[in-house]
Amino acid sequence: MGQSNKPESKDDSPPPYSQIGTPPPIVSFPQQASSPAQQIQRQFPLAFNVYSTPRLTNKKVTIGEHQSQPLYAVSPSQSWSNTPAVVLHSGPIETAPPLATAGYASLEAGTKTITFPGSGQPAAEERLQRQGKHKFVWTFSIEAGPGRRREAFEWRHSSCPAVRDLGGSNFGLKLVRLATDAPAGVPGPTFQKGCTTSSDGKEVVAVWATGGLSLSKAVMFRFLGSGASGALGERWALMAVITALSIWDHDYQLRTRAIVHTPRG
């Protein structure tokens, strides 16, 4: 992944974000002009780290604001598995049921299958697709907002200030919301998109980067704009996190395979 010349911070905290609390906050926004505000319990903090042990086998990966207080465990894909998949668990240990999985047929496959296991219901599946030849863009669509209208999003490579402000690698990815109007179910007059935008004027709703020189922080992640406000909903937030984990795992597996197959003279 990307490298940084910044020394590793001794602080175990995630990237700075005003008034980040534990547990994840409850946010509210009006569903209709004449209805009371809808309360949403956030599954993820507004900013968090992905912590990883620095070993190739039996790797332990967790999500949290602090390494000593993990919120969720992550099972990385295993390159020798017939059906490699990243699993985001619903608790801090790997025996907890999955919240979401990201599977793919091979590292070369351009499509990943995102699965949300249902509680007594058939599992729901979405797609994460890679586009482009030299500079990949990862795209997906998901129901967003209280009205659950499907919207398209793109993970784009970036070195924008929002990525650099994470404090890890100076080069990472930003999640761009392609729609420009208010999410379905959120009244237009009350909707305020974030001030961080892409070069084509679209709202950036999340960013992540690798931890650079950190030995414990594999990824630094932050929600932005309507992704941070809760306007896009928790199904979208889960999709944002599992797709980021899938892309990070994909790049890690590619880098590991390149090291293993590098000729030694």
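Number 406 in the working numbering belongs to position 161 of the sequence shown; there are no gaps in the numbering.
Note that beta-carbon positions come from the ideal geometry of N, C-alpha and C, so glycine has one too.
Predicted model only: the values in this text are computed from it and were never measured.
Among the options, the one whose alpha carbon lies nearest that of residue i
i: ALA424; options: GLU448, ALA407, ARG409; result: GLU448
i: LEU291; options: GLY433, PRO362, LEU411; result: LEU411
i: GLN314; options: LEU333, ILE338, ARG375; result: ILE338
i: GLY355; options: PRO367, GLY363, LYS378, HIS402; result: LYS378
i: VAL306; options: GLU399, THR358, VAL464; result: VAL464
i: ARG375; options: PRO367, GLU388, THR358; result: THR358
i: GLY478; options: SER461, HIS402, ILE387, GLN312; result: ILE387
i: VAL452; options: ARG480, ARG393, GLY470; result: GLY470
i: ALA485; options: GLN286, SER297, SER459, ALA347; result: ALA347
i: TYR497; options: GLU399, GLN288, TYR317, LYS304; result: LYS304
i: ARG393; options: TRP481, GLN288, THR298, GLN286; result: TRP481
i: THR384; options: GLY363, GLU353, VAL421; result: VAL421
i: ASP401; options: ARG287, GLU353, ILE492; result: Contrary to the premise, residue 401 reads as Arg rather than Asp in this sequence. It is ILE492.
i: ARG287; options: SER297, LEU316, GLN312; result: LEU316
Limits of the alpha helix (DSSP H) - the one that residue i falls within
i: ALA429; result: Counting along the chain, ALA429 falls outside any alpha helix (DSSP H), and DSSP gives it neither H nor E.
i: PRO406; result: 406-409
i: GLY470; result: 470-474
Same chain only: Cβ atoms within 6 Å of residue i, ignoring 5 sequence neighbours per side
i: SER404; result: ASN415, PHE416
i: ASP494; result: PRO321, SER322, VAL331
i: ALA345; result: LEU333, PHE361, LEU483, ILE487
i: VAL295; result: ILE308, ALA463, VAL464
i: SER280; result: Residue confidence is low: SER280 scores 36 on pLDDT, short of 50, so the model does not pin down where it sits. Its coordinate-derived value is still stated next. Taken in chain order, the list of residues that qualify is empty.
i: PRO342; result: SER335
i: ARG395; result: SER386, GLU388
i: ALA397; result: SER386, LEU423
i: PHE381; result: ARG375
i: HIS506; result: Low local confidence applies: a pLDDT of 49 at HIS506 is under 50, so the model's placement there is unreliable, with the coordinate-based value given in what follows. There are no such residues.
i: GLU399; result: VAL382, THR384, VAL421
Classification of residue i by the beta-carbon crowding that lies within 10 angstroms, buried from 16 upward
i: GLY336; result: exposed
i: GLU370; result: exposed
i: ASP445; result: exposed
i: ARG372; result: exposed
i: THR340; result: exposed
i: ARG500; result: exposed
i: LYS438; result: buried
i: GLU310; result: buried
i: ALA368; result: exposed
i: GLY472; result: buried
Contacting residues, own chain, Cβ-Cβ under 7 Å from residue i (five flanking each side not counted)
i: TYR262; result: The predicted model places TYR262 with a pLDDT of 39, which falls under 50 and marks its position as unreliable, so this point remains unresolved.
i: ALA476; result: PHE274, GLY390, PRO428, VAL431, PHE436
i: ALA407; result: LYS419, THR441, VAL449, VAL452, LEU469
i: GLY413; result: SER249, ALA454, THR455, GLY456, GLY457, SER459, LYS462, MET465
i: THR298; result: LYS304, LYS305
i: GLY363; result: ALA369
i: ARG409; result: ASN415
Residue span of the beta strand (DSSP E) that contains residue i, given as start and end
i: GLY199; result: Residue 199 is absent from the structure shown; the chain starts at 246 and stops at 510.
i: LEU373; result: 369-376
i: LEU205; result: Outside the displayed span of the chain (246 to 510) sits residue 205, for which this structure offers no information.
i: LEU333; result: 330-334
i: ILE338; result: Segment: none, ILE338 is in no beta strand (DSSP E) and carries neither H nor E.
i: GLY309; result: 306-309
i: GLU396; result: 394-403
i: SER297; result: 292-297
i: PHE385; result: 382-389
i: GLU448; result: 448-455
i: ALA318; result: 317-320
i: THR360; result: 356-361
Sequence-distant residues of the same chain with beta carbon closer than 8 Å to residue i, five excluded per side
i: THR442; result: GLU448, VAL449
i: VAL319; result: VAL295, VAL306, THR307, ILE308, VAL331, VAL332, LEU333, HIS334, LEU490
i: GLY433; result: ASP426, ALA427
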